[in-house]
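Chemist: Protein chains in written order, with my numbering: chain S, 426 to 736; chain V, 545 to 637.
1) From residue 442 of chain S to residue 702 of chain S, what distance separates their C-alpha atoms?
2) Between residue 703 of chain S and chain V, is any beta-carbon pair separated by less than 8 Å?
3) Short check: CB of residue 696 of chain S to CB of residue 720 of chain S, under 8 Å?
4) In the region 545 to 611 of chain S, which residue ranges form an unbroken alpha helix (DSSP H) of at least 4 residues, counting only runs that do not cross its ends?
5) Along chain V, which residues have their Cβ under 8 Å away from the Cβ of residue 706 of chain S?
6) Could you tell me the alpha carbon to alpha carbon distance between residue 582 of chain S and residue 427 of chain S, rounded to whole angstroms?
7) Reducing DSSP to helix, strand and coil, say where residue 701 of chain S ends up.
8) For residue 377 of chain S, go through chain V and note every residue whose CB falls closer than 7 Å to its CB, in chain order.
9) Flag this pair as touching only if the region 607 to 616 of chain V and the region 560 to 568 of chain V have three or more C-beta atom pairs under 8 Å; answer yes or no.
10) Can you give me the C-alpha to C-alpha distance between residue 581 of chain V and residue 448 of chain S, rounded to a whole angstrom?
11) Using a C-beta cutoff of 8 Å, does residue 628 of chain V count as contacting chain S?
12) In this structure, does DSSP put residue 618 of chain V in helix, strand or coil?
13) Could you give the C-beta distance for residue 748 of chain S and residue 502 of chain S, rounded to a whole number, given that I count them as a contact under 8 Å?
14) If you follow the alpha helix (DSSP H) that residue 624 of chain S is in, where does it begin and where does it stop?
15) Tell me which residues share the same chain as residue 436 of chain S and place their Cβ nearer than 8 Å to its Cβ, disregarding the 5 neighbours each side in the sequence.
16) May I have the straight-line CA-CA distance separating residue 636 of chain V from residue 586 of chain S, to the nearest angstrom?
17) Decide if residue 496 of chain S is buried, meaning its Cβ has at least 16 other Cβ atoms within 10 Å, or exposed.
18) Nearest to residue 614 of chain S by alpha carbon, out of S/486, S/598 and S/459?
19) Between which residues of its own chain and residue 602 of chain V is the CB-CB distance below 7 Å, once the five residues before and five after are set aside?
20) Is there contact here, the region 525 to 545 of chain S with the region 460 to 475 of chain S, by at least three beta-carbon pairs under 8 Å?
21) When we look at the beta-carbon of residue 390 of chain S and count the other beta-carbons within 10 Å, is it buried (16 or more) or exposed?
22) Return the CA-CA distance between residue 521 of chain S and residue 479 of chain S, expressed in angstroms with no decimal places.
23) Only counting the same chain, and skipping five residues up and downstream in sequence, which positions put a Cβ closer than 6 Å to that of residue 639 of chain S?
24) Compare the C-beta of residue 552 of chain S against all C-beta atoms of chain V and say whether one is closer than 8 Å.
25) Should residue 710 of chain S be flagged as near chain V, meaning a C-beta pair shorter than 8 Å?
26) Are residue 674 of chain V and residue 597 of chain V touching if we call contact CB-CB under 8 Å?
27) Run through the DSSP bridge pairs and tell me what residue 613 of chain V is partnered with.
28) Considering just the uninterrupted stretch of the alpha helix (DSSP H) at residue 396 of chain S, what are its terminal residues?
29) Under 8 Å, do residue 573 of chain S and residue 598 of chain S count as touching if we go by C-beta distance?
30) What do you reckon, is the C-beta of residue 647 of chain S under 7 Å from a heavy atom of the ligand FAD?
31) Please check if any C-beta of chain S sits within less than 8 Å of the C-beta of residue 545 of chain V.
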């Protein structure tokens, strides 16, 4: 029994990859003037890397990038992303803040950044995190797509062991899932915010992860993180910590946020969505909507700030 | 489909750097098959570890011996995953 429209889609439950793909197609079909689907590449196993583009027109508009589902087992992230997508089409034209953002910016939303891994969590191993690359010379599968980016690639805070959960891969951008985003970002050339969404530990992280040295914009990014986390907390009291990846959580090399920042995208954040200390990666489905709702408030703060502070 | 019967997720709160160091040592013991959901970094952050059934006794003994405080965050991971699957199936119907 497939939902016939995105109104019928069950946002309160987790979904398979094919259901999420169907959701995207329905959303595009229902909102042809606002939403389109871009295929920015193929995964290691040949699955389409789909990105929803929300645009009210214009050419060469600045863009805001949001990705979810880069770590396969973090199911709450594509579930939240699906809710964000519906929220955008529902609120455009009604919410003045979002409308103003979309009148100036395009929003790009990649719901399942690591589709091979996501599919594998449904079919074979719910605890799978990495891509599904076969590593020559090793019986261990997969690369951590959040250690595979060029900035700081290969440094401490990533592993050269293919059996490690933080295996960096045979080379920077070796993962087609990562390379597709790199190519898209470079070809677009005008992304102004880059938000990559993970779970869980309730954090908002900005560059750098590779080094303890502060990034040039640390003061502004820190202040904005405070505003965003305050907005997030206002809904259900979910407490977030924030700071640079290095200082807040651990040294991590070759991560998305560092790369995006070094590409010149100032408003570059990693989110670690909620857990209340009971479920970790197995957050119950009844927490999808509250998680998405509170995260949306933080995203809006960052997107509005991006709009109001051109650079 | 891989099953996780008897796997527990332990939430460990280290109280000093020495305990963090011990947990890092623990993470290097590959034969235990531990899955660090959150890593040992700093006393301010809890360390969550998925411990396979076959390693539970050893890990608990290690923590007990070193007097490292922990709580059971997930009693049996497979129970939770079965519930998750049931909810997905029910939602489809």
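Beta carbons are placed, not taken as given, at the ideal position from N, Cα and C, and that holds for glycine.
Modeler: Taking the definition as stated:
1) One-based indexing of the first chain puts residue 442 of chain S at position 17. One-based indexing of the first chain puts residue 702 of chain S at position 277. Near 27 Å, if we compare the C-alpha coordinates of residue 702 of chain S and residue 442 of chain S.
2) Within the first chain, the letter at position 278 stands for residue 703 of chain S. Answer yes: the Cβ-Cβ gap between residue 703 of chain S and chain V drops below 8 Å somewhere.
3) Position 271 of the first chain, counting from 1, holds the residue named residue 696 of chain S. Position 295 of the first chain, counting from 1, holds the residue named residue 720 of chain S. Contact flag set, yes.
4) none
5) For the purposes of this step, residue 706 of chain S is taken as the residue at position 281 of the first chain. 581, listed in chain order.
6) As a position in the first chain, residue 582 of chain S is number 157, starting the count at 1. As a position in the first chain, residue 427 of chain S is number 2, starting the count at 1. Taking the straight line joining both Cα atoms gives about 43 Å.
7) The count along the first chain starts at 1 and reaches residue 701 of chain S at position 276. In the structure shown, residue 701 of chain S sits in coil (DSSP, three-state: anything other than H, G, I, E or B).
8) This structure leaves residue 377 of chain S out entirely; chain S is present only between 426 and 736.
9) yes
10) By one-based count along the second chain, residue 581 of chain V stands at place 37. By one-based count along the first chain, residue 448 of chain S stands at place 23. Each residue's Cα considered, the two are about 30 Å apart.
11) In the second chain, counting from the first residue as 1, residue 628 of chain V sits at position 84. With 8 Å as the cut-off, residue 628 of chain V counts as an interface residue toward chain S.
12) Taking the first residue of the second chain as position 1, residue 618 of chain V is located at position 74. Correct three-state label for residue 618 of chain V: strand.
13) Residue coverage of chain S in this structure runs from 426 to 736, which leaves residue 748 of chain S outside it and unanswerable.
14) Walking along the first chain from the start, residue 624 of chain S turns up at place 199. Segment 616 to 624 is the beta strand (DSSP E) holding residue 624 of chain S; no alpha helix (DSSP H) there.
15) The residue labelled residue 436 of chain S in the question sits at position 11 within the first chain. Taken in chain order, the residues that qualify are 504, 507, 508, 511, 713, 714 and 717.
16) Numbered from 1 along the second chain, position 92 holds the residue referred to as residue 636 of chain V. Numbered from 1 along the first chain, position 161 holds the residue referred to as residue 586 of chain S. Cα to Cα, residue 636 of chain V sits roughly 40 Å from residue 586 of chain S.
17) The residue you call residue 496 of chain S lines up with position 71 of the first chain. With 16 or more Cβ atoms within 10 Å of its Cβ, residue 496 of chain S is classed as buried.
18) Against the first chain, residue 614 of chain S aligns to sequence position 189. Cα-wise, what sits closest to residue 614 of chain S is S/486.
19) Indexing the second chain from 1 puts residue 602 of chain V at position 58. 576, listed in sequence order.
20) yes
21) An answer regarding residue 390 of chain S cannot be provided, because it is not within the stretch 426 to 736 covered by chain S.
22) On the first chain, position 96 is the one that residue 521 of chain S refers to. On the first chain, position 54 is the one that residue 479 of chain S refers to. For residue 521 of chain S and residue 479 of chain S, the distance between alpha carbons rounds to 16 Å.
23) Counted from its first residue, the first chain places residue 639 of chain S at position 214. Excluding sequence neighbours, residue 639 of chain S sits near nothing in its chain.
24) As a working note, residue 552 of chain S is residue 127 in the first chain. Yes, because at least one Cβ of chain V sits closer than 8 Å to the Cβ of residue 552 of chain S.
25) By one-based count along the first chain, residue 710 of chain S stands at place 285. It does: the Cβ of residue 710 of chain S has a partner Cβ on chain V nearer than 8 Å.
26) No statement about residue 674 of chain V is possible, as the shown extent of chain V runs from 545 to 637 and does not include it.
27) Reading the second chain from its first residue, position 69 is the one you call residue 613 of chain V. Per DSSP, V/557.
28) This structure cannot speak to residue 396 of chain S, because chain S is shown only from 426 to 736.
29) In the first chain, residue 573 of chain S corresponds to position 148, counting from 1. In the first chain, residue 598 of chain S corresponds to position 173, counting from 1. Cβ atoms of residue 573 of chain S and residue 598 of chain S: closer than 8 Å.
30) In the structure shown, the ligand FAD is absent, as is every other ligand, since no ligand is present at all.
31) In the second chain, the residue the question calls residue 545 of chain V occupies position 1. It does: the Cβ of residue 545 of chain V has a partner Cβ on chain S nearer than 8 Å.
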